[in-house]
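In full-length UniProt numbering, the protein residues as written are 1 to 731.
Below: one structure, written as structure tokens.
So this is what it looks like as structure tokens:
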């Protein structure tokens, strides 16, 4: 036993217990879980007093129990709260602990009342499993170890610049160690060379100077190469077995890379069950096609068509037979000469030429019917026309058709006059009836002029090619009940001069007449516009007469253009002019010191061209322009000039009469494609006392309707004035 009697007695306790003194006892148990400590120092203090004792391992009562116990008899003057500390040392010198501190454990608040006893147990955890003299799980040790499984790892160990492990426990590795900047190292990758430390401190790294690059193969079946970081050698990174490729042989299929690194496919098999070729063929390496030898043309076979006879091979690998003959019915065509059902197969021959009932040329409809007209034309019903009324119109010279008495002049110019039937079509609402001339054939070898009060419809049951002019000139005089407010009104006369007549209206209003010099309201008013429609078929409206008196007669208003419709069942080809332009007004007459107003210009009429297929060549001219107004006369016997008729082959305005007198009013210009009709000018008085009458107003442009069931064709040089309705316009 060993006793210390400084503040109390400290003894090592055996397994047995002694009677505790009245002052109380402090019992300390020191345990260790790993290696046996060499020496343990136990300290007890109360902040004023302090006592310690060193216990070498040689004094442990029972080493096998891995613990030892101490007891201390405290004195009455110790404070109540005690501090206890157990410190393990690495060495012992005599009876004292020496060497480095291995571990320290504390209890700084042990409450022991005076006269009471207390127990304190502490367990030392320090371990040195790798035996390098450095410890883990040891608080306040002087030699902490960062890896107790490796004796080479501990504080102070030597660590090279190429190390990849923290050997000296300073939390730096390899190039991060002091003094390693620029030194050689090893990044662990065999594919790099010239490894060296770059940077400093924790930012330092081991970087290579060069990295091995592997040459890549060019063959499609060669695997790509990459450097193996473990060996530094270039090795294949993936297999190409089964990869699609092309072996360059057109006679193989399913080409793929094999385990030998080569591209190969399966040879193509060439077999057939054809009747007229050998069953086994060969593959043409140039094309990849199977080639079979044809059997002789004497070889019997059976083609797919049961309606053929004499089936045999033709020597070229085909089985042929002789089909029956097919005769298609009207409005059909042969789709297949001979079918497997032994019958001929037909299809509708849409829009083909055919012969309608009564021998009239027609067009095939989708219903396979032959229609004299495959569309409903304007202003008449083609199916209501009797077959016997459909004649032919052939001429051998210029001819004039007068609608007033339905006469042809000269009659000898119409070589088919006996076949012609002229039918009257009522148009209602006070409109003049139209004259319908139905024909199978229209063949003009001279111009056709239509005049008179009635509009004319030429209905062609077939094709028509028009290369001679058709001119519908008006002879409709003022007043005209069919025009109503669309005809120009007359000018009035007062004192010495008269006003000009107003121009006729149609697609637009006409132009007003001009005033005579000494009249307040003497001019004629313009005719109003009419609806631009193809039904009913109407001509243009006349201009108003100029105001006059006695021999000083006012100029007559110009007649409106006629009304003409050309309806063709199939194709209409036009390469000349079709015109319904209005006439110019007359100039006023002068006599006995009186001046008369000029007549107003007539408006253009109506032109309707319609066909299943409408084709206007570049030389086609379709016009319905208005006439110019007449010039007024003067009081010095200067008769006014007539206004020009509306142009039949251009889109220019017809000029109003002018230059007959310096004091008379000029006539207004007529309307055309892009022009509205002009107003007649007022008369004036000169320094010599000569007075002038007013000029007539210009006539308005008429109406043109172009219609084609199929897409129309209009040549780039074709002229249409004014612009047409009907959806068939010049491109």
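Backbone N, C-alpha and C fix where the C-beta goes; we use that ideal spot for every residue, glycine too.
These figures come from a predicted structure and were not determined experimentally.
- Across the structure, residue 229 and residue 187 are spaced so that their CA atoms are roughly 10 Å apart.
- Membership of residue 533 in any beta strand (DSSP E) is not indicated, and neither H nor E is assigned to it by DSSP.
- Sequence-distant partners of residue 662 (beyond 5 residues in either direction) whose C-beta falls short of 7 Å from its own C-beta, in its chain, are 686.
- In this structure, DSSP gives residue 487 a state outside helix and strand, which the three-state scheme calls coil.
- Cβ neighbours of residue 489 within its own chain (closer than 6 Å, five residues either side excluded): 502, 524, 525 and 544.
- Uninterrupted beta strand (DSSP E) stretches at least 3 residues long and entirely within the stretch 385 to 409 occur at 391 to 394, 399 to 402 and 407 to 409, given in chain order.
- The shortest C-alpha to C-alpha distance from residue 715 to any of 646, 617, 245 and 688 is the one to 617.
- Burial state of residue 717 is exposed, judged by a 10 Å Cβ sphere holding fewer than 16 other Cβ atoms.
- For residue 161, there is no enclosing beta strand (DSSP E), since its DSSP letter is neither H nor E.
- Rounded to whole angstroms, the gap between the alpha carbons of residue 408 and residue 400 is 6 Å.
- Around the beta carbon of residue 706, 16 or more other beta carbons sit within 10 angstroms, so the residue counts as buried.
- By the C-beta criterion, the stretch 629 to 636 is judged not to be in contact with the stretch 604 to 613, since fewer than 3 inter-stretch pairs fall below 8 Å.
- Per DSSP, the beta-bridge partners of residue 91 are 98.
- Look at residue 251 here: in three-state DSSP terms it is coil, with no helix or strand label.
- Taking the Cα of residue 396 as reference, the smallest distance to any Cα among 303, 110 and 445 is reached at 445.
- If you ignore the 5 residues before and after residue 414, its C-beta comes within less than 8 Å of the C-beta of 393, 394, 395, 399, 408 and 420, all in its own chain and listed in chain order.
- Counting along the chain, the unbroken beta strand (DSSP E) around residue 459 starts and ends at 456 to 460.
- In the structure shown, residue 664 adopts coil according to DSSP, grouped into three states.
- Cβ contact annotation for residue 55 (same chain, cutoff 8 Å, sequence separation greater than five): 12, 30, 39, 40, 41, 42, 68 and 70, in chain order.
- Under DSSP, residue 299 shares a beta bridge with no residue.
- Relative to residue 571, the option among 84, 463 and 688 whose CA is nearest is 463.
- Within the same chain, and ignoring the five residues on either side of residue 85 in sequence, the residues whose Cβ sits closer than 6 Å to its Cβ are 43 and 106.
- Distance from the CA of residue 237 to the CA of residue 221, rounded to the nearest whole angstrom, comes to 13 Å.
- The C-alpha of residue 704 is placed about 12 Å away from the C-alpha of residue 621.
- Under the DSSP assignment, residue 710 falls outside any beta strand (DSSP E); it carries neither an H nor an E label.
- About 12 Å separates the Cβ atoms of residue 266 and residue 258, ruling out a contact at the 8 Å cut-off.
- DSSP, reduced to helix, strand and coil, places residue 412 within a helical segment of the structure shown.
- A straight line joining the alpha-carbon of residue 584 with that of residue 652 spans about 14 Å.
- In the three-state scheme derived from DSSP, where H, G and I count as helix and E and B as strand, residue 175 is classed as helix.
- Here residue 549 is actually not in contact with residue 590; their C-beta atoms are around 11 Å apart, not less than 8 Å.
- Within the stretch 302 to 335, the complete beta strand (DSSP E) runs of at least 3 residues fall at 309 to 313 and 319 to 322.
- Of all alpha-carbon atoms in 647, 485 and 500, the one lying nearest the alpha-carbon of residue 561 is that of 647.
- In this structure, the beta-carbon distance from residue 626 to residue 667 does not fall below 7 Å.
- By alpha-carbon distance to residue 262, the top candidate from 318, 142 and 246 is 246.
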